[in-house]
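Residue numbers for the sequence shown follow our numbering, beginning at 383 and rising by one. Glycine is no exception: its CB is placed at the ideal position from the N, C-alpha and C atoms.
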Amino acid sequence: MFGLVFIHKAAVLRDVSAHQSAAAELIDFPTERSGEPRGEQPDTDHSHTDISARIAAGRHLRAPPFLLRPGPTVCRGEMAGILVWFWNERFWLPHNVTWADLKNTDEATFPQAEDLYLACPVAFCIFMIRLVFERFIARPCAMGLKIQTNGPQRAQPNAILEKVFTAITKHPDEKRLEGLSKQLDWDVRTIQRWFRQRRNQEKPSTLARFCESMWRFTFYLYIFTYGVRFLKKTPWLWNTKECWYNYPYQPLTVDVHYYYVLELSFYLSLLFSQFTDIRRKDFLIMFLHHVATISLITFSYVNNMARVGTLVMCLHDAADVLIEAAKMANYAKCQILCNLLFAMFAVLFISSRLGVYPVWILNTTLFESWEIVGPYPSWWVFNLLLVLLQLLHSFWSYLIVKTACRAISKGKVGKWNPLHVSKDDRSDIESSSDEDDSPPPSQKHHSSATNGTNKSHGTNGYLTGAPYPDEH
């Protein structure tokens, strides 16, 4: 949110294009203008001039409205200096290109940083749509599939164990378990079961996970279909060199603008919802993932690398559709369908991320763009981010292959839960095949299912004591 506000304010400085070059001189960043040889800038000595005062006075830069509000002149000048430094043309644009060249005209529209400010209200709308979708569409579908509505069995209240769980550790070692066993006069197995049940209490129910996956599946399916429909009409889908011909003077189309705003808004909504949803153990990892995705989308749009950006987004959305579908099948206990969808996901993920991505995307951003446009500072940053993304692809592919090999080696197709390691480790309910689930002392024993209702009633939950993949 703060980053988009910063971009929105900073974009005001870009709009004063007639004075941008002179403003850049204030911080000793010579600006190259079209047709002017590099390095031949006027020799102006600003060593005894206060930059902030000159900016505020408007000597070389027409101050934008937010700098003309009442307030300390020095603070306004410092902010203006920071924003001018941030939007320095030598970093963002190819040689001999200025922000003035990319200003919107009656003939052509180019990506502007302030366009992305729209993503904030759209993200809020998407978040509200998600709540309505999960309540009135996904939940009835889950009920129709007989997915459990209750969460895991709750642990028996115990002040001593609760204090250890919240203040010391959620996974006590053998020595601590023996000490607690003597203190409470409980056997070690019962205490282990208490901690397992207590950990499960903090996990969302199967119903909640199904609703979340159905929402993501619906969005990914829609945005992927939309991306394919408009990209198949574009020349850069069939010839990636079109991403760089006449760059950066490539007009922004309505389809590309809509695609970018919707993708950015969706990931912003995921970022916001992390703080309202049930806290998960991969909170930090997913938070960093969303921040990195938002940064890449914003960076490519502001730099007018939107053409290659649409290819990257569409390529990544393809596999996301299948993994969310596989999760839904897993939560509905349709194991054969889950295995089939996961196998399709694995093939598509590995082929697209380790095959298509480096051959198609990295080839054009690293080599074709070098040949047609040439490198410049933001070009290096953009490609560095894409290469780091490729390293993540390799790591995730390794996990997927490892999961598949483990399932094949066990030879238990009917009990295979591939999502446990590869993609949805957080959604597993802890259990152990060598333990019974008898309650701790003074706790009543329930004959009904703990992870669902009884099979005799036609539902698809696990019975008490049924084996389930161990937690890692």
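The residues A711, in chain order, have a CB closer than 6 angstroms to that of L719 in the same chain once the five nearest residues on each side in sequence are set aside. With a contact defined as Cβ atoms closer than 8 angstroms, L646 and A501 qualify at about 4 angstroms. About 7 angstroms separates the beta carbon of S776 from that of L736, a gap short enough to meet the 8 angstroms contact definition. Relative to L771, the option among V479, Y640 and L697 whose CA is nearest is L697. Only residues of its own chain outside the window of five on either side were considered, and among them D569, V570 and I573 have a CB closer than 7 angstroms to the CB of S563, listed in chain order. Rounded to whole angstroms, the separation of the alpha carbons of A688 and T622 is 12 angstroms.
Counting along the chain, G756 sits inside no alpha helix (DSSP H), nor does DSSP assign it H or E at all. Excluding the 5 residues flanking it on each side, T551 has same chain C-beta neighbours closer than 8 angstroms at R558, in chain order. At a Cβ-Cβ threshold of 9 angstroms, L693 and W618 count as neighbours. Rounded to whole angstroms, the gap between the alpha carbons of E489 and L498 is 21 angstroms. Boundaries of the alpha helix (DSSP H) around W620: P617 to W620.
The continuous alpha helix (DSSP H) containing T680 extends over residues F665 to V684.
A residue is called buried once 16 or more other Cβ atoms fall within 10 Å of its Cβ, and H672 is buried on that count. A straight-line Cα-Cα distance of about 21 angstroms links K485 and Y641. In the DSSP assignment, K557 falls within the alpha helix (DSSP H) that extends over E556 to L566. With 16 or more other Cβ atoms from the protein chains shown falling within 10 Å of its own Cβ, C625 counts as buried. In the structure shown, the three-state DSSP call for R662 is coil. Annotation: K485 is outside any alpha helix (DSSP H) and is labelled neither H nor E by DSSP. Per DSSP, the continuous alpha helix (DSSP H) segment holding Q717 begins and ends at Q717 to S733.
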